[in-house]
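Protein chains in written order, with our numbering: chain A, 19 to 276; chain B, 23 to 491.
We put the CB at the ideal spot given by N, CA and C, even for glycine.
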């Protein structure tokens, strides 16, 4: 499963024959792909294809699930994040994540964003950095008057998800992982997030899992199609959606299953 | 199918309608009965504050039966009762217009009178030397004769003269000095007054009407607050229920529960955090869970034996508050672990992921997020276990806590008693008044436990979080 990209310069994340199990159930089968820097890579596929497992493997979030086991390697700038001496805490600081359901802390908006900075020993102007992160997440104008007064729970669903993005951005991760970030949002909020991702991609590498093919087509530069734990096809989004090489990809994107 | 489901549903409803009123009824009856019993305490204390401590005595009647009567066990110097002329040994026969045969009757008749400050009409038979004066026994014709050698003013005032020989009271022959007085007490107790005294004066026999009772009005102040304040804040005298005090038991309970809290809560919460947040599911954790559950099911008396062997003997702590607190902490530990784990489980996994995904360590995640969000639930468990520990008597009894101590414990190494054991002690004493005092202590314990449980409910309601969808 190798592809040759002329345009692919030094990948940020290189997945090499990566397999994963939950107990006896194998969910990823020798997946290999490269995530290019400062691009948006979408992972698509039907439910249960292993796309969430793959994205959660990038920052070792699967470690929390009892019975999880992995083989193969994922290189993050050349370093295997499943190597023996790697601290998952350090990996997660450099590879941020936004989840399917907005999960703000039940604390003030300010504290939501500041938490990552505090635990990482940030020395600098906390206020400025929080504002910077909220601006990057396109939330600043909506919440600047309520930073300390409103809880993360007081915001709307779309605002909550942008707050989660701001929280992830505050610690300046090199990669931002988004696991179906819009599945709980209405179309207007979804459009806002998509615009935001396009803006962010100039400075952050983004990996997004989505079950919505239109979304993948709209926002991503590259698309990976997973089926039953196998990587079926990976390439520039335009090619995947216009000239899929694999008949299964074509069947999926034309809506014949999934 | 449908019919069967309907039957089950009806059974559930009937069960609820039986169980809930039963629980309410039991609690209600218990509250009312104890409150009624404890209500007498104010009157007991009022009489004691007026100087009068009562006790039950009895005398043997010629027909072989015994007649109980109420005697003044103590009359405080300078008190209202002393001013009235009542002294230790006097027999109280009437209070508030009612005949009294036992202390409970005296306190009850006081309770029947209205008002906060009142003059209680009393009738009493003074002790022999005050009532009759100095008596002598003279042998005449092979028979003992009681001679009034120096009659008291009370006797003189009713027509007795020095040198009179007392032959009988209400037809009962008088054969001894003590028996002469007892015959008069019997007359007063049975209402056969004025008594007919058969007296020989010189060569003349005569019958005199004689009333052995004195009467007066005892000023009494009935103050609920003062009565309860005294009860709660004094060490008390173990001999008389009117002078009972709950202070040693309260301090003992406080000390034991404090030690228990300092040991069981940090350990229990730590164990819960470890099991929920750190431990991977393995045979070891399964075994740990089994042990915790089994510990929770162990009879508390057995834990008392464990406390005796380990803390009192092996650690040489003796029957101290410290040993009691440690023993209770073993009892409470599984409760704290189980409730804390439940509370930790209510914190959504997504919040742990949120914290971890910005680079927080597992400890930071627990410290800044999971534990604070679970705190109301943890505190609810803590408060409920405090209430449970407060009511435990069995393990402490087996540890060797005393039934009664007549001092306030000064340090954690002191021997002690606790409120439930004190209740057990008082409730099993046969004398009048201890049932009242036990009821008072039960009320105190009940109020403490109700307050703690109310606090737990308040905590839960106040801090209950609604997690985001």
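Nearest to residue i (by Cα), restricted to the options the options
i	options	result
residue 30/A	126/A, 77/A and 146/A	77/A
residue 278/B	161/B, 147/B, 359/B and 342/B	342/B
residue 280/B	31/B, 221/B, 346/B and 244/B	346/B
residue 45/A	120/A, 265/A, 73/A and 56/A	73/A
residue 97/A	57/A, 34/A and 164/A	34/A
residue 120/B	260/B, 406/B, 213/B and 428/B	213/B
residue 477/B	264/B, 406/B, 89/B and 419/B	406/B
residue 375/B	38/A, 110/A, 198/A and 39/A	110/A
residue 219/A	262/A, 32/A, 177/A and 55/A	55/A
residue 262/B	125/B, 309/B, 340/B and 413/B	125/B
residue 81/B	352/B, 74/B, 73/B and 90/B	90/B
residue 415/B	293/B, 428/B, 457/B and 353/B	353/B
residue 32/A	195/A, 190/A and 94/A	94/A
residue 203/B	134/B, 156/B, 98/B and 139/B	156/B
residue 238/B	484/B, 282/B, 32/B and 140/B	140/B
residue 142/B	151/B, 118/B and 264/B	118/B
residue 87/B	51/B, 222/B and 208/B	208/B
residue 133/B	62/B, 293/B and 197/B	62/B
Where residue i sits in the DSSP three-state scheme
i	result
residue 58/A	strand
residue 254/A	strand
residue 83/A	coil
residue 390/B	helix
residue 91/B	strand
residue 36/B	helix
residue 375/B	helix
residue 294/B	helix
residue 267/A	helix
residue 32/A	strand
residue 242/A	strand
residue 5/A	Outside the displayed range of chain A (19 to 276) lies residue 5/A, so it cannot be described from this structure.
residue 482/B	helix
residue 433/B	coil
residue 456/B	helix
residue 274/A	coil
residue 99/B	coil
residue 113/A	strand
residue 225/B	coil
residue 52/A	strand
residue 438/B	coil
residue 122/A	coil
residue 21/A	Since pLDDT at residue 21/A reaches only 47, below the 50 mark, its modelled position is unreliable, and no value is offered.
residue 165/A	coil
Inter-residue CB distance, residue i and residue j (contact presumed, cutoff 8 Å)
i	j	result
residue 153/B	residue 177/B	7 Å
residue 111/B	residue 149/B	4 Å
residue 251/A	residue 228/A	At roughly 16 Å, the Cβ-Cβ gap does not stay under 8 Å, so residue 251/A and residue 228/A are not in contact.
residue 188/A	residue 139/A	Contact flag wrong, Cβ pair sits at about 13 Å.
residue 241/B	residue 72/B	7 Å
residue 307/B	residue 317/B	Not quite, the Cβ-Cβ distance comes to about 15 Å (not below 8 Å), so this is no contact.
residue 138/B	residue 256/B	Between residue 256/B and residue 138/B the Cβ distance is about 22 Å, and since that is not below 8 Å, they are no contact.
residue 471/B	residue 268/B	Not a contact, Cβ separation roughly 15 Å.
residue 88/A	residue 38/A	5 Å
Near the ligand GTP: residue i beta-carbon under 6 Å from a heavy atom
i	result
residue 413/B	Ligands displayed in this structure: none; no statement on the ligand GTP is therefore possible.
Q) Can at least three beta-carbon pairs, one atom from the stretch 98–105 of chain B and one from the stretch 34–46 of chain B, be found at a separation below 8 Å? A) no
Q: Can you give me, in chain order, the residues of the stretch 124–142 of chain A that have a beta carbon less than 7 Å from any beta carbon in chain B?
A: 124, 133, 134, 137 and 138
Q.
Taking contact to mean 3 or more Cβ pairs, one atom from each stretch, closer than 8 Å, check whether the stretch 86–98 of chain B and the stretch 282–298 of chain B are in contact.
A. no
Q) Quick check: the stretch 458–469 of chain B against the stretch 257–277 of chain B, are there 3 or more CB pairs under 8 Å? A) yes
Q) Do three or more CB pairs link the stretch 426–438 of chain B to the stretch 358–365 of chain B at distances below 8 Å? A) no
Q.
Whether or not the stretch 200–207 of chain A and the stretch 158–170 of chain A are in contact is what I'm after, with contact meaning three or more pairs of Cβ atoms, one per stretch, closer than 8 Å; do they touch?
A. no
Q: Mind checking the stretch 275–304 of chain B against chain A and listing, in chain order, the residues whose C-beta falls within less than 8 Å of any C-beta there?
A: 302 and 303
Q: Take every Cβ of the stretch 169–183 of chain A, pair it with every Cβ of the stretch 111–124 of chain A, and state whether three or more of those distances are shorter than 8 Å.
A: yes
Q.
I want to know whether the stretch 242–257 of chain B touches the stretch 61–74 of chain B - three or more CB-CB distances under 8 Å.
A. yes
Q: Quick one: which residues of the stretch 62–84 of chain A get their C-beta closer than 8 Å to a C-beta of chain B? List them in chain order.
A: 77, 79, 82 and 84
Q. Quick check: the stretch 444–451 of chain B against the stretch 418–432 of chain B, are there 3 or more CB pairs under 8 Å?
A. yes
Q. Any contact of the stretch 237–246 of chain A with the stretch 57–68 of chain A, i.e. 3+ C-beta pairs under 8 Å?
A. yes
**Q.** Residues of the stretch 387–410 of chain B whose Cβ lies closer than 8 Å to any Cβ of chain A, in chain order
**A.** 390, 391 and 395
Q: Would you check if there are 3 or more beta carbon pairs closer than 8 Å linking the stretch 169–178 of chain A to the stretch 119–139 of chain A?
A: yes
Q.
Residues of the stretch 34–49 of chain A in Cβ contact with chain B at a cutoff of 7 Å, in chain order, please.
A. none
Q) Taking Cβ-Cβ distances below 9 Å as the criterion, which residues of the stretch 108–119 of chain A are in contact with chain B? A) 108, 109, 110, 111, 112, 113, 114, 115, 116, 117, 118 and 119
Q) Using a Cβ cut-off of 7 Å, which residues of the stretch 183–204 of chain A contact any Cβ in chain B, in chain order? A) 185, 186 and 189
Q. Taking Cβ-Cβ distances below 9 Å as the criterion, which residues of the stretch 354–376 of chain B are in contact with chain A?
A. 370, 371, 372, 373, 374, 375 and 376
(Q) Pairs of beta-carbons, one from the stretch 192–202 of chain A and one from the stretch 145–161 of chain A, closer than 8 Å: are there three or more? (A) no
(Q) Give me the subset of the stretch 427–453 of chain B whose CB atoms are less than 9 Å from a CB atom of chain A, sorted by chain position. (A) none
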